[in-house]
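See below for the structure under consideration.
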Amino acid sequence: MTAIPLKKDPYSIIITGVGGQGNVLASRLLGSMLADKGFYVTIGETFGASQRGGSVMSHLRVSKEGVASPQIPRGRADVIVSLEPVEAFRVLATYGNPDAVLLTNTHPIYPVGVIRGELSYPPLDELQDVISRLLPASYFIDATEQALLLGNAILANIVMLGALGRLNIVSFDRENFHAAIGRRVAADKVAVNLQAFDVGYGMVQV
Amino acid sequence: MKQFVPGDLDAAVIQEGLCIGCGACIHLCPYFQSYRGKTARLFPCTLKEGRCFAYCPKVEVDLDGISRFLFGKRYDSAPLGTYRSIHVSRAGEKVKKSSFQAGGTVSALMYFALREKLIRGAILTGRKELLPTPQLVEKPAAVFRHGLSKYTAAPTLAALNEAIEKGCDNLGIVVTPCQATAVAQMRMNPMGNPSFEDPTALVIGLFCTWALDFRRFEAFLAQEVPLKEIVRIDIPPPPASVLEVYLQDEKLVFPLDKIRPLVPDTCGYCPDMTAEFADLSVGVLEGRGDMNTIIIRTERGERIAREAERQGYIILEEMPQENREHLEWAAANKKRRGLLRSREAGKLNGEEGKTYMRLSAEVIDEILINGKEDAPCHT
Amino acid sequence: MSYLIDEGKNVQHLLMGNEAIVRGALEAGINVAAGYPGTPSSEIIESFSQVAKERNLYVEWSTNEKVAVEVAAAASFAGLRSMCVMKQNGVNVASDFLLHLASSGTRGGMLLVSCDDPGALSSVNEGESRLFAQLLEIPLLEPGDFQEAKDIIKWAYELSEEIRNIVMIRSVTRMSHASGNVTYGPLPSDTAARAKFNYHGPLLDPENGPVISMILAAPELQHGPQQEKMKKAAAIFETCPFNTYTGPEAPELLIITSSACSLYSREAVKILGLGKRVGILKLATTWPLPPVFLKKHLAATERILIVEEVAPTLEDHVKVLAAESVQEIGPKLFYGKKSGHLPSVGELNPDLVLAVLSRLCAVPYEAAAGVFATEAKALMEKLAPPRGMIFCPGCPHRASYWSIHNALQLDGRGGFVCGDIGCYVMGILPAGFSTVKTLHAMGSGSGIASGFGKLRQFGMDQPIVSVCGDSTFFHAAMPALANAIHHRSPFTMVILDNRGTAMTGFQPHPGSPINVLGETVPALDIEKICRAMGAKVEASDPFDLEKTREKLGHLLEYAEGAKVLILKQACALSPEKRGRKKYEVTVDETLCRGEDCGCNRLCTRIFGCPGLAWDGEKKVSHIDDIICAGCGVCVDICPAGAILKKEVA
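Chains as they are written, first to last, in my numbering: chain A, 1 to 206; chain B, 1001 to 1379; chain C, 2001 to 2649.
As structure tokens, then:
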């Protein structure tokens, strides 16, 4: 695969989700794949509330020039990967712009207000509908469902990375992923992660 | 009928110091619980109407409404409430004089009602050390294990609610006047539940001038005696004016003046000495520690009392006029003091959802005139 | 082999700021590292521990930060290179010893790494540690990116050895927890260091005498030399390679900045196209300031914007220097926190810098296309319910607070909980049933409770409870308990023992059977300690709600002296529990009475476990199988008995 040139420098990617979804691992994997490709990568992470059901967000900056701010300026996300559907809204409201590409998992994780029956969680079709109207380049996949088929909901983050790979907007491929995951997880977990990547890769049409 | 206002029982009763811990709100939901003689609300609830509020004998009590429901007539100023007859009584020959106090009428009646299957179970209050422990009693003989006076407020109605929750009906229960009020309100089906059936078959009320706060009483006695060694507690009828604590082979006597500070404030608001909303009301006959006074109030109460008498479980005798008049005097005074105190605190016909009682101005006036501090003159 | 000790020549890795600090220390030949866990610092000690064997390091999680500095100081006294690591609040704890250490001086190179948390993203406050450098009179370095975070460490060790004093490195969350490319330097080939403490020389001999910080009415003997060290540091800082300037020779505006703020400034200048008008002076040596270097840059401009987090610390120092040198450099206009151009609360970000630059340079800037931003924000507000903080599914704290809350309510005397530091700070929120009413520093809950307990003589009859975690117990709560026992202060200390320093990622503490190096070590028994100290002690499984409530209820009534209730249950995320369900939990929909139940949705409305949610359509509760951790506690709160559990084989 030939390297895809950056549409902007720095190119800004946000991976968002809820504590416990493997957000940080996904951003490290993506970052290390891109660093392997020779880019400067800066990752900023907010995971203070990660163990307490809070929103978690990673900002990835990809550059040919050098280190960038670990926080993306407002309105300047180029790609948003959301491991949880309503988290996509939160990111869009602050960092979105009409040219951004959005890839979101459709499996909801209910905020405490919804669990308590005090707030309602929007129906999925309404979510998809309004997001698609706002952002023409938006993709929806049930990554958690596929991850569960592979035996563990936590693999949804890897399914999402596979799907991102298929979108062909950021420069990485399966081989890249293989190398990166090999550095991060125990040897016996590599195969199932590769499987998750492949499943994700097959879930979107470009 | 009870007025519902989006009110909060915790704010209206517990926080106001009016809660006596009767247990009427317990076992209806997970929020109200009784602990060491006191009722606590664990978490706020958002429901607009609840049985807790409807049953509570300390908030929005519609005295006239209850009277009409039970007796088909308005609540008037009669010191002893509405009744059919009044007698002197004691347990009959069918009952062994064992572990009851005074004349044993209450134990005898419950024993009889259980034996004759007039009730399926009785809600009675035993005690563990000093802690009153209400429970459902189904075996007649077990009645006598609960026959001793407690003198502390008890969450008796929690056991009633628990028994009802389990599907029991035809229940007998021994209650204080405030609890009798709560039971009457329960029987009125205030929530309008279409499948409601009266779960009680016999409500025996106990005369009560006040109850002791369990925690304060326990702390008081704990300073004086090892609680485990207490066998029995007694307040002999006037003019004794003492509290007696019996140990295995010792008796401690405390003047009532030392005990009165242990009475919760809420008792001072109460207008009911003789459990006016019970089927039968029983107290100790003045001057006679071995005899009872019994007031027969309702038709079903009368039926059971007369049958118990016929079968020799209790003995009913005529009430000397002197005793009746003195009882009326004491009851009228409690009624007057309770209303005055409630009115001062804004708890008589007071703020919606926060007031203790509702009663017509006319009857209030009558009561205030009737109750006099002077003792009736008997020469 | 860990990528942290990759010996490939000029090899590059994507490292977190914290890992870069570790790699830098390894390249500098560090021997001893000690710290106490605290976000965002914890990865430093953890990373050291992963390579301890290969690099012949001694690494420990100390009982608290003060002990960590003492442990690292001993290594320095014996001629080794050492590092002590903590979050900003830890520097407060360590400051007592640090003040003495700064006075006695060090031998082997010694660094204090403080990871600050501007914005208090995972802290109880955002108090910054830079002011300590001034108070302690020690040099302060702030790396500005990831490569520098590595490179500056070796330089700092040399500085420390040159001036014979501890050097402070200050990182922030956006450095420590951010990552970037780092090109490695060589690791020293010889890891066989020899330690020896030389003390036979005369009293104030910095190389061979005893190490003391005792001045005895002769401050010139130690305080004097300490200030000389600072002068020397300032002189060295004049040519520090990590102080850099980018921009025109005579900028119309000079930004002076440090740390992550230099990255925000760089990005803002780039976005606004101000590279030819605005200069950026990125300082790594923020205390003491190198006067000559700084004056040169100040002289080249009229207007100066200072971009830093959190307090106007650098701003104050620069202003003092400018005032002192006004004849040399002329009068200047300063912008920053004091002028109100930047906030002195919360962390900064590129947008805040963009806004101030846009204003000062008259370049209009709008973050995102207006319509899109408005629409996206409206949709978020309409469709994205906020995520409140909540205890994890299966968290023992939820169960513990449930019982504590209920015991206090039943008790009915207005009792309350003095909180402490850990995940259980959430006891102040509905997640912990709003049970906690005071919250301050590590161990302070029990100290405050000890004080409240003595207010009975003034008529205070509310029962007092304090909570503290197992790690916090060893860290700072033991002195408070000793105080309470000795003074017969009647309160109940509830120790939430979840078997590790859970909030920061299960670091071991003195109660753990295995240390950070994986060695089997003596585990101190909290229960025995409390008993030996003289407290009345009870223990319970917090998942047994009824028994826990009962035991606490008895302790609350038991008036005499300090009482301890130990609630033992491992954290749901602990390695021993994670991913393993004890019970398969289900809701029997035929038994759940839904909205008709008088329970008013106790299970979901109040208990609030993420694994147990209200189904708004079916109007019943249900278990979310993916989220449920299988602790089974909710089974005991349903009055209808509709929640069922089955032990997982």
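Positions of the beta carbon are idealized from the N, C-alpha and C atoms, including for glycine. Keep in mind that this is a model prediction, so the values were computed, not measured.
Check	Outcome
Residue environment, Phe-2458 of chain C, which counts as buried when at least 16 other CB atoms sit within 10 Å	exposed
Chain B contacts made by the region 2589-2623 of chain C, where a contact means CB separation under 9 angstroms	Cys-2597, Gly-2598, Cys-2599, Asn-2600, Arg-2601, Leu-2602, Arg-2605, Ile-2606
Secondary structure of Val-62 of chain A, DSSP reduced to three states	strand
Proximal residues, the region 1011-1039 of chain B versus chain C, C-beta separation under 7 angstroms	Leu-1028, Cys-1029, Pro-1030, Gln-1033, Tyr-1035, Lys-1038
Spatially closest choice to Lys-2568 of chain C from C:Gln-2507, C:Gly-2469, C:Thr-2590, by CA coordinates	C:Gly-2469
Assigned exposure category for Thr-2374 of chain C - 16 Cβ within 10 Å defines buried	exposed
is_contact[Tyr-2036 of chain C, chain A] using C-beta, thresh 9 angstroms	no
Residues within the region 2402-2413 of chain C neighbouring chain B, beta-carbon criterion of under 8 angstroms	His-2405, Asn-2406, Gln-2409, Leu-2410, Asp-2411, Gly-2412
Inter-residue Cα distance where the pair is Pro-1134 of chain B and Pro-2040 of chain C	56 angstroms
Neighbour flag for Pro-70 of chain A against chain C, beta carbons, 9 angstroms	yes
Nearest-angstrom Cα separation, counted from Val-2085 of chain C out to Ala-2052 of chain C	16 angstroms
8 angstroms contact criterion, which Leu-2238 of chain C and Pro-2288 of chain C should meet: CB distance rounded	In the sequence as presented, Leu is not what sits at residue 2238 of chain C; that position holds Glu. 11 angstroms between Cβ atoms; not a contact.
Environment of Phe-39 of chain A [buried if 16+ CB atoms lie within 10 Å]	buried
Residue-level contact to chain C via CB, Glu-87 of chain A, 9 angstroms cutoff	yes
Min CB distance Arg-183 of chain A to chain C below 9 angstroms	yes
Residue environment, Ser-2540 of chain C, which counts as buried when at least 16 other CB atoms sit within 10 Å	buried
Reference Pro-2396 of chain C; option with closest CA among C:Gly-2185, C:Leu-2573, C:Cys-2597	C:Leu-2573
Identity of the residues DSSP links to His-2622 of chain C by a beta bridge	C:Ala-2613
Contacts around Glu-2249 of chain C, its chain only, beta-carbon distance under 7 angstroms, and the 5 residues preceding and following it disregarded	Ala-2300
Phe-1071 of chain B (DSSP reduced to helix, strand or coil)	helix
Asp-2151 of chain C versus Ala-2368 of chain C: straight-line alpha-carbon distance, rounded	37 angstroms
Cutoff 8 angstroms; reference Pro-2312 of chain C; Cβ partners in own chain excluding five residues on either side	Ile-2306, Gly-2336, Lys-2337, Lys-2338, Ser-2344
Length of the line joining the Cα atoms of Ala-137 of chain A and Asp-78 of chain A	11 angstroms
Helix, strand or coil at Lys-1354 of chain B according to DSSP, with G and I counted as helix	coil
Interface residues of chain C facing Ala-153 of chain A [CB-CB closer than 7 angstroms]	Ile-2626
Cα-Cα separation between Leu-2481 of chain C and Ala-2562 of chain C, rounded to whole angstroms	7 angstroms
CA-to-CA distance, Leu-1262 of chain B to Lys-1117 of chain B, given in whole angstroms	39 angstroms
Straight-line gap, Lys-1334 of chain B to Arg-1051 of chain B (C-alpha atoms, nearest Å)	28 angstroms
Lys-2196 of chain C to Leu-2135 of chain C span [Cα, whole Å]	30 angstroms
Minimum Cβ-Cβ distance from His-1378 of chain B to chain C less than 9 angstroms	Confidence is the limiting factor: at His-1378 of chain B the pLDDT is only 44, short of 50, which leaves the residue's position unreliable, though a coordinate-based value still follows. With 9 angstroms as the cut-off, His-1378 of chain B does not count as an interface residue toward chain C.
Which listed residue (C:Lys-2551, C:Arg-2531, C:Ala-2156) has its alpha carbon closest to that of Asp-2411 of chain C	C:Lys-2551
Backbone CA spacing between Leu-2294 of chain C and Leu-2357 of chain C [nearest angstrom]	21 angstroms
Min CB distance Ile-2271 of chain C to chain A below 9 angstroms	yes
Delimiting residues of the alpha helix (DSSP H) encompassing His-2013 of chain C	Looking at the DSSP string, His-2013 of chain C is not in any alpha helix (DSSP H); the run it does join, the beta strand (DSSP E), is 2012-2016.
Beta-carbon neighbours of Glu-45 of chain A, restricted to chain C and to distances below 7 angstroms	His-2177, Ala-2178
Sequence-distant residues of the same chain with beta carbon closer than 8 angstroms to Gly-31 of chain A, five excluded per side	Val-41, Ile-43, Leu-60
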